[in-house]
Each structure stands twice: as structure tokens, then as C-alpha cells.
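Notes follow once the structure below has been shown.
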Amino acid sequence: MMSLAGEIYFKTVSLIYALYIRFVYWSGRVEVHGSELLAEKDGCERFLFLFWHGDSYCLYPLLQHRKAYAVVTSDRRGNYIAPLCRHFGYIPIRLPDKKGHESSFHVLRTYIKKGEGDLLLALDGPLGPFHSPGKFPFVLAMYFKYRIVPISIQIRNMITLANRWDRFTIPLPFTRIRIRLHDPISLSGKDLEEDFASLKEKIRSEMESKGDF
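Per my numbering, residue 620 is the first one in the sequence shown, and the count goes up by one each step.
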């Protein structure tokens, strides 16, 4: 159990992170393509939003006005991310960072009822490899009956932490950011039969596509 001092520390650091990304959005030029999707059916339809782990910091303000669950690891990194998620109105769900952990579905079921709340999840997280789509998000989408919305992002001026597996990006103030919400994707039995192979490649290609910027 975390001590009070530890909890205060993580909340303080997370608040600094939150204030910085809000300043980046305020000072820069943020373009959101596909934003009409967020108002589709008066916000009644819920989606599983997929993003690259290294882009996660840039996305916090994007969906703050929708009820959304964010999958967060239960390790020390998650101690920073969970309060950061709460700052933007997301509900963090703490899961073990080891792949294939059998309790993950049980934990998610205690939070999510079918059709209630968007879900945010890193397609290549939490441990990579870099830009390698995992199977877990697609299994979740089928089980909870979400349509998948891939998200891609481009940043004009940023810092990239090249020593991290996810090449974590930190946008600089007064920069230009382009966020694209791709068309929603419904999963089928055929996707499951082929172990989501074609779907993984399709989504990876969409999320890595770079137009003029």
C-alpha cells in the first residue's frame, strides 16, 4: 500500500505533467481530423481508442469530455499515469504489465459493463515491441463489443526519448499537432479465425501513415 507521502509525490508530479500538456495545447495549433466521430449519435456510441504507447502524452486532452476508461499498469509508472488520467476525467484501470495475465479480464469486467464507457489502450503497450500490435486490444474489443478507432498523431516540434522502447514523445510549446481519428472498425468472426493478423496490419498501416505536414 502506498504511503501518504508517496501518494502526494505522484499526484504533484502528475499535476505538473498535466499543466504542461494543457499549456502545449493552449499555445500551439492542434488539428483534430475526424472529431465529428466524438459527437456521433450524441455521444451514445462507445469506442475502443487505440494509440501508440509513445504518443500517449499528447492525447490526454483529446477525450477529456467523454466518459472513458484508461488501461494503466500497476507498477511504479502507473503511479504517475493514474492521477494524470484522473486530472483529465478518465477512469484508470490498473492492470499487471505482464502480458497474458489471466486476471486482466476479471479486473476489466469489474469496471466495464457492456456498452458503457469508452476504452483507451496502447496498441503496442505496455512493454512493446515498438509499433508492434498486440492481440489483447482486439480480444477486448470483441468481448466488450466495442468498435475500434485507431488514432495517429504528428508533431512538428518535439523531444523524443530515444532510449525508451516506445520512443516516447514530448511536444514542445507553440508547436503544431495533427491528430487523426480513423474510421471505426467493427470486428468479425473472420478476424478471430485468422488471429487478427490482417486487422493488425491494416491498423498499423493507418496509424503509421504520414501525409503532408
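Quick reminder that beta carbons are idealized off the backbone N, C-alpha and C, glycines included.
Keep in mind the model is a prediction, meaning the values are calculated, not measured.
According to the DSSP secondary-structure assignment, F668 is paired through a beta bridge with L739, V768. For D810, the closest alpha carbon among the candidates P803, L818, I804 is that of L818. Assignment of beta-bridge partners to Y688 by DSSP yields I710, L738.
In the same chain as F642, and ignoring 5 residues on each side of it, the C-beta atoms closer than 7 Å to its own belong to P792, in chain order. The beta-carbon distance between R685 and D737, rounded to whole angstroms, is 6 Å. This is short enough to meet the 8 Å contact definition.
Here R786 has G673, T779 as same chain residues with Cβ atoms under 6 Å from its own Cβ, once five neighbours each way along the sequence are excluded. Annotated three-state conformation of R696 is helix, per DSSP. In the assembly as shown, A624 is an exposed residue. Its beta-carbon has fewer than 16 other beta-carbons within 10 Å.
In the DSSP secondary-structure assignment, I774 is bridged to I796. The stretch 800 to 815 makes contact with the stretch 761 to 780, as at least three CB pairs between them are under 8 Å. By the Cβ neighbour-count rule, P702 is buried, with 16 or more other Cβ atoms within 10 Å of its own. Apart from the 5 residues on each side of it in sequence, G697 sits with its Cβ closer than 7 Å to the Cβ of V691, R713 in its chain, given in chain order. The criterion of a C-beta distance shorter than 7 Å is not satisfied by E820 and H801. By the 16-neighbour rule on beta-carbons within 10 angstroms, F749 is exposed. Residue pairing by DSSP places V651 opposite I798 in a beta bridge. Note on geometry: alpha-carbon atoms of A637 and M621 lie some 22 Å from one another.
Following the DSSP letters along the chain, one finds P756 inside the alpha helix (DSSP H) bounded by residues 755 to 763. Residue pairing of I627 in beta bridges, as defined by DSSP: absent, with no partner found. In the DSSP assignment, I789 falls outside any alpha helix (DSSP H) and within the unbroken beta strand (DSSP E) covering 788 to 790. Ranked by how close their Cα comes to the Cα of I767, the residues M777, P756, E626 have P756 in first place.
Beta-bridge pairing by DSSP links T779 to T788.
DSSP places I731 in no alpha helix (DSSP H); its state is neither H nor E.
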